[in-house]
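J.: In the working numbering, the protein residues as written are 19 to 114.
Think of the CB as a built atom: it goes at the ideal place given N, C-alpha and C, for glycine as much as any other residue.
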């Protein structure tokens, strides 16, 4: 079970953002995000949007640094990818 974070290269709202994902479960992802101070509203379908200011905290807490393409590949391989417009399968909660 590993958490992954891509570099803070995604612009929005005057900041740069990273994406934080789990290769095991949304439960693991929500617990980790809460531990580093990410609010529940930062969760979007299958990942947390993490501001650049939290990036180092996430890595220190154990998130593995990977590129954006690798992050999506691992999320997809884990069966946790939720593109826009595709609901979570029954029995798999997606929200915090």
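Among the residues of its own chain, which have a CB less than 6 Å from the CB of residue 60, if the five just before and after it don't count?
T.: If you number the chain shown from 1, residue 60 lands on position 42. Around residue 60: 66 and 67.
J.: In this structure, what does DSSP give as the bridge partners for residue 57?
T.: Position 39 of the chain shown holds residue 57. None; residue 57 has no bridge partner.
J.: When DSSP labels each residue in this structure, what does residue 43 get in the three-state scheme?
T.: On the chain shown, position 25 is the one that residue 43 refers to. Three-state result, residue 43: coil.
J.: Which residues mark the beginning and the end of the alpha helix (DSSP H) in which residue 75 is found?
T.: Position 57 of the chain shown, counted from the first residue, corresponds to residue 75. Its alpha helix (DSSP H) spans residues 70-78.
J.: Determine the direct distance from the alpha carbon of residue 74 to that of residue 35, and round the result to whole angstroms.
T.: Along the chain shown, one-based indexing puts residue 35 at 17. Along the chain shown, one-based indexing puts residue 74 at 56. Those two C-alpha atoms are separated by around 12 Å.
J.: Can you give me the C-alpha to C-alpha distance between residue 91 and residue 26, rounded to a whole angstrom?
T.: Sequence index remark: in the chain shown, residue 91 carries index 73 (1-based). Sequence index remark: in the chain shown, residue 26 carries index 8 (1-based). Cα-Cα distance, rounded: 18 Å.
J.: Please list, in chain order, all residues of the same chain as residue 98 whose beta carbon is under 6 Å from its beta carbon, the five residues on each side excluded.
T.: For this step, residue 98 is matched to residue 80 along the chain shown. These residues qualify, in order along the chain: 64.
J.: When DSSP labels each residue in this structure, what does residue 37 get in the three-state scheme?
T.: Position 19 of the chain shown, counted from the start, is the residue given in the question as residue 37. Residue state, collapsed to three classes: strand.
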